[in-house]
Structure formats: structure tokens, C-alpha cells
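These notes are about the structure you will find just below.
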Amino acid sequence: MKRAFFPLTVLVLIAGCSSSQSWGWYVIDPTTESGWTNVKFLVSGMGATIQISLIAAVLSIVIGLIVALPGLSEKRGWRLVNRVYVEFIRSIPLLPMLFWVFYGMPIVFRSMGLNIPIDPFWGAIITLAVSDSAFTAEIYRAGIQSIARGQSEAAQTIGLNYFQSMRYVILPQAIRRILPPLANQFIYIVKMSAFASVIGMQELTRRANELVVTEYRPLEIYTLLIFEYLLLVLIISAGVRWLERRMGSDERGQ
Amino acid sequence: MPDAVVELVGVNKWYGAFHALKDFNLEISSGERVVICGPSGSGKSTVVRCINQLERHQKGTIRIDGVELTEDPKSVARIRSEVGMVFQQFNLFPHLTVLENLTLGPIKARGLSRKDAEARARHYLERVHIPDQADKHPIQLSGGQQQRVAIARSLCMEPRVLLFDEPTSALDPEMISEVLDVMVELAEDGMTMVVVTHEMGFARKVADNMVFMDAGETVEQGKPEHLFTNPRSERCRKFLSQILQH
Ligand SMILES: Nc1ncnc2c1ncn2[C@@H]1O[C@H](COP(=O)(O)OP(=O)(O)OP(=O)(O)O)[C@@H](O)[C@H]1O
Ligand SMILES: [Mg+2]
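See below:
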């Protein structure tokens with residue numbers, strides 16, 4: 428966390444020279460009533476950003492595993508399913524995918540006779556989860572492939588079926604290779620969640636945009652916005668490092 | 250032969266274009282001990298891996314207890330319950346304790362209660378002479394101990410046939426005998442065994458049938474003393490004289 432203090436100090440120093448025309452600290456000055464109201468307004472998007480990111484990350488972890496398993500099959504057909512999904516999803520930019528999910532998917536549902544509305548919250552989650560799942564799938568695949576073939580053969584010879592051998596033998600060993608990069612993917616999701624602002628989700632970036640429209644102070648407001656994301660990412664990175672230390676100190680499995 | 254536990258008839262195996270087993274025949278009756286030897290790449294591992302269907306043969310018939318193996322998952326499941334395997338590299342599960350290594354199969358694949366599985370595990374640990382290592386992780390054991398745990402893990406599934414693929418080749422010389430001793434005891438107890446090994450002392454002691462393979466084929470088979478003293482083929486004689494020098 429020490430590293431966070433340096434930029435924050437710089438910010439405060441810049442803010443100190445608030446007499447200058449180009450820097451209007453007052454908009455986000457927590458010591459004044461209006462500044463404090465603005466800061467509260469901006470920070471109140473934090474909950475939505477965290478919720479979207481967390482749910483999307485959990486979904487991505489599940490979808491990623493489901494996509495990764497056929498990629499490890501000896502049957503070429505199954506591997507193809509995995510390749511097509513990963514390459515296709517990975518090639519779609521996030522914003523078009525978001526538009527497709529939010530504006531397009533309800534039409535698809537309606538044409539199938541389903542009435543499933545997609546609100547900005549779930550639209551953003553689905554997009555982030557699916558987009559990220561192509562990457563988590565690759566992380567799983569690499570992690571599982573790093574476990575020697577003899578392990579799954581030994582599991583087979585003691586009668587375990589495919590899912591039992593994944594559950595009790597392969598995944599518990601692969602997890603130490605999988606968790607750290609998965610946690611890094613979480614940072615990616617948090618950053619990409621900013622796109623949810625364009626479909627009207629009231630998260631951090633949307634709040635900032637709205638405040639800029641009324642206050643005409645883009646520099647100050649977006650600077651604060653950047654520091655809000657920085658704070659989130661620093662917290663996650665600290666978590667990742669803690670995780671890596673814990674896995675590293677647990678040396679039982681090679 | 251009515252009491253053949255394992256029967257391979259005209260088995261062929263290709264890896265891509267490479268013909269690894271050529272019309273291979275082998276019959277193993279109940280309680281019999283078969284030792285397979287031969288130069289590197291001759292297909293010894295392929296034979297045992299086909300018997301337990303870690304590799305699928307393309308042509309020919311493999312019967313276990315008279316029932317032919319098919320690709321049907323039920324057939325494969327039956328193999329797993331009747332045929333155990335000990336690997337050169339032990340392949341113990343490093344994230345589990347010795348006891349957990351031994352109880353995983355009985356609990357998950359056989360549906361034994363934890364209590365019964367642990368009792369069985371301790372029984373077989375006793376049999377491989379390491380009753381007091383149950384709560385350690387494999388990495389804390391010596392190579393010889395690890396291989397004996399691997400043998401106990403196979404025994405916990407109470408198989409009809411136990412396959413060994415060069416069980417002592419990855420071991421330091423001073424640990425080889427402790428593993429071989431356990432295998433000899435198993436043989437004396439009447440376990441049906443197929444052992445790929447170059448340990449000729451072991452072969453001489455326990456083998457009922459010794460198979461010398463080269464290039465995917467059986468070159469010669471018979472009683473070990475027969476092969477040692479009076480091999481019919483030049484290839485077999487040369488190979489045996491080479492490994493017996495060590
Ligand atoms: N998965 C595989 N893909 C391609 N070729 C293989 C594969 N497994 C084995 N082979 C080839 O098949 C031949 C027989 O292999 P196998 O492992 O059965 O020999 P081996 O007698 O056990 O030899 P070693 O003493 O070295 O263990 C070898 O030439 C080997 O290169
Ligand atoms: Mg081999």
C-alpha cells in the first residue's frame with residue numbers, strides 16, 4: 428500500500444495550488460459541502476463496479492473451466508470446440524460485444540418466444556464474463572496440462588472416472604498454477620467494467636461522466652476516477668500476492 | 250485354457266504410422282507370474298498399457314477373465330477393477346498423504362466407507378512394510394518407500410492381476426531390493442503378476458514364464474532358466490548376456 432501514498436501525496440500537493448485556473452480542486456474538495464457531495468456521488472459507483480466485477484469473475488471462472496475441459500480431450504472434435512470458442516470470443520472487442528448483448532440479445536430472446544429483459548447490470552456481467560472466459564479457459568488448460576500425464580493415468584488405474592480424477596487428483600494440483608493468473612484476470616475485469624457506463628450502468632465511470640456534465644471539471648473528476656480504479660487494483664494485487672505467498676510456502680506438491 | 254485371467258490374441262498397436270505391437274499373443278493364468286524383458290522401444294510398456302487400456306489396441310483381442318475388452322466405458326471400468334498397475338515413476342498423488350493416496354480409489358471408485366478404506370489401507374501398508382508412514386506426504390519418503398506405497402495403493406483396489414512397468418528402474422540401487430522383496434512376497438502369496446523388468450535375479454526367482462520381446466514381437470518365451478541357459482535365438486542370448494553382466 429505504500430506505493431499508493433506517493434501518487435496520492437502528489438495529488439494533494441497539486442490540489443494545494445488550487446488558486447490556479449487550470450486546477451479546480453474545489454469540485455472534489457471533501458472539506459467543502461459541495462465538494463463532499465460530489466465525492467460521495469463519485470464514490471457511490473464503487474459498489475456497482477465491485478458487484479459487476481465480482482459476479483462476472485465468478486461466472487468467468489465457471490465458464491472458463493467448462494470451456495477448458497474439451498480443450499484437453501484426446502478427441503479432435505472436442506478440442507475444436509474449445510479452439511473455436513476461445514479464438515472467436517478473444518477476437519471480439521469488448522464494446523461491440525457489450526452492445527450486442529445489451530441491444531441485440533433481447534431481440535434474439537424475443538424471436539425465440541422468451542421474454543428475458545437484459546438490464547445494464549446483467550448486460551455488463553454477461554459481456555465481461557463471456558469475454559473473460561476465453562482467457563480463463565486458457566489459464567485452466569495450461570495449468571491442467573502442466574500436471575504430468577502419469578497423474579491422470581494413476582487416477583484411472585485406481586478406478587476413478589474422468590470427473591473424479593479432475594476433482595480429486597488433477598485440479599487440486601493445478602490450482603496453484605491457476606489461481607495467481609486467474610486473480611490477475613480479475614484486475615482486467617475491474618478495468619473493463621468501465622465500459623458498462625455506456626449502457627447506463629451507474630458504476631464509477633458513469634458517475635464521473637455525469638458529474639463532468641454538470642460541473643465542467645473533467646480534469647479533476649477523471650483524475651479522481653483514475654485513483655478510484657487504482658485503489659481497487661492495488662487491493663486486488665495485494666490479495667494476489669498474499670495468495671501467491673501462501674501457495675509458494677505450501678511446498679508439498681512439486 | 251479355461252483359467253486364463255488375461256489373454257492377448259493377435260494384438261496389434263500402432264502409434265500413428267509406427268507399428269508398436271505385431272500380432273502379439275500372451276496368456277496369463279491365475280496365479281501365474283510373467284516377466285517381460287527386451288531392449289528399449291521393443292514394446293514392453295505398450296503390452297501392459299494395452300492390458301489395462303491406458304492404450305487402446307487397434308486390432309486383435311484382449312480378454313480379461315474370458316470377457317473381451319471393448320471401448321465401452323463399462324468394459325473399461327471392469328478392467329480398472331480387475332487390473333492394478335505400478336508405474337516406473339510411482340505416480341503417487343503429491344498433494345495427498347500416503348493414507349489418502351491409498352483410500353482415494355476404494356472410497357471414490359468402490360464406495361467403501363472411510364473407516365473400511367483406512368483399515369484396508371493400513372493392512373496393505375503393513376504388507377509393504379511401511380505401516381508408520383501413513384500420514385506423511387509422498388515427497389517426504391524415499392524412492393523405495395514411494396514405490397512400495399504405490400504397490401500398496403494398487404493392492405487396496407484388490408485387483409486380480411497386478412501389472413508392473415519397470416518398477417525399480419527409477420530407484421537408487423540400494424532401494425531396489427526393498428521393492429523387489431515386497432514383489433517376491435506378493436508372488437509367494439499367489440498374486441497374478443505381469444512384470445516388465447530387467448532384474449534377472451527377480452525373474453529367476455519368481456517368473457513362471459519369461460517373455461523376451463523385440464520390435465513389437467515375442468522373440469522367445471519359456472521358463473527363465475531355459476532362456477538364461479539355453480536361448481534359441483541369437484537376439485535373446487545377446488540381450489541377456491548384456492544385462493546379466495551388470
Ligand atoms: N505415445 C506414443 N506415441 C508414439 N510412439 C510411441 C508412444 N509410446 C511408445 N511409442 C513408441 O513405441 C515403441 C514401443 O514403446 P514402449 O514404450 O512400449 O517400449 P518399451 O519396450 O517399454 O521401451 P523402454 O524400455 O524404453 O521403456 C517405441 O519405439 C516408442 O518410441
Ligand atoms: Mg517402457
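One line per chain: the protein sequences are U and H, in this order. Throughout, my numbering is defined as the position within the first sequence, counted from one, plus 427. Throughout, my numbering is defined as the position within the second sequence, counted from one, plus 249. From the three backbone atoms N, C-alpha and C, an ideal C-beta is built for every residue, glycine too.
Cα-Cα separation, residue i to residue j
i	j	result
G287 of chain H	D314 of chain H	27 Å
M532 of chain U	L507 of chain U	25 Å
A551 of chain U	E637 of chain U	19 Å
V528 of chain U	T563 of chain U	20 Å
H475 of chain H	L429 of chain H	22 Å
L500 of chain H	F461 of chain H	In the structure as shown, chain H starts at 250 and stops at 495, and residue 500 of chain H therefore has no counterpart that could be examined.
E407 of chain H	I574 of chain U	27 Å
V639 of chain U	V466 of chain U	12 Å
V284 of chain H	L493 of chain H	15 Å
S518 of chain U	A569 of chain U	20 Å
N458 of chain H	G450 of chain H	14 Å
A456 of chain H	Q612 of chain U	57 Å
L541 of chain U	I553 of chain U	17 Å
N479 of chain H	M442 of chain H	24 Å
N274 of chain H	L257 of chain H	5 Å
Buried/exposed call for residue i, threshold 16 Cβ in 10 Å
i	result
R672 of chain U	exposed
E469 of chain H	buried
I493 of chain U	exposed
W669 of chain U	exposed
E320 of chain H	exposed
R329 of chain H	buried
G472 of chain U	buried
R510 of chain U	exposed
T458 of chain U	exposed
K293 of chain H	buried
M432 of chain H	buried
T310 of chain H	exposed
Beta carbon proximity, residue i to chain U, threshold 8 Å
i	result
V255 of chain H	no
Q338 of chain H	yes
R402 of chain H	yes
A358 of chain H	yes
M406 of chain H	yes
G354 of chain H	yes
Cutoff 8 Å: residue i Cβ touching any chain H Cβ
i	result
P497 of chain U	no
Q572 of chain U	no
I605 of chain U	no
E671 of chain U	no
A581 of chain U	yes
G462 of chain U	no
Y595 of chain U	yes
P645 of chain U	no
L587 of chain U	yes
Q591 of chain U	yes
T584 of chain U	yes
G666 of chain U	no
Coil, strand or helix - residue i by DSSP
i	result
R679 of chain U	Because the pLDDT of R679 of chain U is 46, which lies under 50, any placement of that residue in the model is unreliable, and the question is left without a value.
T459 of chain U	coil
R363 of chain H	helix
N636 of chain U	helix
M462 of chain H	strand
V255 of chain H	strand
G280 of chain H	coil
Q470 of chain H	strand
D272 of chain H	strand
N611 of chain U	helix
L420 of chain H	coil
R481 of chain H	coil
Y264 of chain H	strand
E501 of chain U	coil
M539 of chain U	coil
I545 of chain U	coil
R409 of chain H	coil
V494 of chain U	helix
So if I threshold CB-CB distances at 7 Å, which residues from the segment 312-343 of chain H count as touching chain U?
R329, S330, G333, M334, F336, Q338, N340, F342 and P343
Just by C-beta distance, which residues in the segment 279-306 of chain H are closer than 8 Å to chain U?
N301 and L303
Taking a cut of 7 Å between CB atoms, which residues from the segment 503-515 of chain U lie near chain H?
none
May I ask you to list, following chain order, the residues of the segment 618-639 of chain U that have a beta carbon less than 8 Å from some beta carbon of chain H?
none
Positions along the segment 468-484 of chain U whose CB lies within less than 8 Å of some CB in chain H
none
Quick one: which residues of the segment 540-569 of chain U get their C-beta closer than 7 Å to a C-beta of chain H? List them in chain order.
none
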